[in-house]
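The block underneath contains the structure these notes are about, expressed in structure tokens.
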Amino acid sequence: MKERCDWARNELAIHYHDTEWGVPLHDDRGLFEFLILEGAQAGLSWDTILRKRESYREAFDGFDPARVARFTPARCDKLLMNEGIVRNRLKIASAVRNARAFLAVQKEFGTFDNYIWSFVGG
1 MKERCDWARN ELAIHYHDTE WGVPLHDDRG LFEFLILEGA QAGLSWDTIL
51 RKRESYREAF DGFDPARVAR FTPARCDKLL MNEGIVRNRL KIASAVRNAR
101 AFLAVQKEFG TFDNYIWSFV GG
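Going by this note's numbering, the sequence shown opens with residue 1, and the numbers climb by one from there.
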């Protein structure tokens, strides 16, 4: 039987624990996804975000940072009506700002992966 952390108690959490948690990730789109999801999670449980993950994927254009960076105020207002995500104006706005910062990091370092993993030697 696989050892698991105590927090992995339901099907979604178990799958996340066994396939993603603690697994090095070197894909910019995947890293951007986690940046968005972790920002949404602030003050909430990770289970809440895991349950909403597919809605986030749809709402945030497949976690494409270039597309999210171009979200307009009207698009953000529309997201506030989306019951599938955390409907918090500041969290949505931060996702758009983070997408713009993410693109700036990519431009400077080639990839976000190069930047983030440089802190631990790759």
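Beta carbons: idealized from backbone N, C-alpha and C, even for Gly.
All values reported here derive from a predicted model rather than from experimental measurement.
- Item | Collapsed DSSP secondary structure at Gly43 in the structure displayed | coil
Review point. Where do the ends of the alpha helix (DSSP H) carrying Ala99 lie?
Key: 89-109
| Where Phe119 sits in the DSSP three-state scheme | helix
Q | the stretch 12-26 contacting the stretch 85-105, beta-carbon criterion three pairs below 8 Å | A | no
query = Between the stretch 83-91 and the stretch 44-57, do three or more beta carbon pairs fall short of 8 Å?
reply = yes
Three-state secondary structure (DSSP) of Ile85:
coil
*Which residue's Cα is closest to the Cα of Gly110: Asp18, His17, Asp27?*
Asp27
- Query: Where do the N-terminal and C-terminal ends of the alpha helix (DSSP H) with Ala66 fall, by residue?
  - Reply: 65-69
For Asp61 versus Arg67, is the C-beta distance shorter than 7 Å? yes
Between Leu103 and Trp21, what straight-line distance do the alpha-carbon atoms span, to the nearest angstrom?
25 Å
Checklist entry - So what's Phe112 in DSSP terms, helix, strand or just coil? => result helix
With burial defined as no fewer than 16 other Cβ atoms inside 10 Å of the residue's Cβ, what is the status of Glu3: buried or exposed?
exposed
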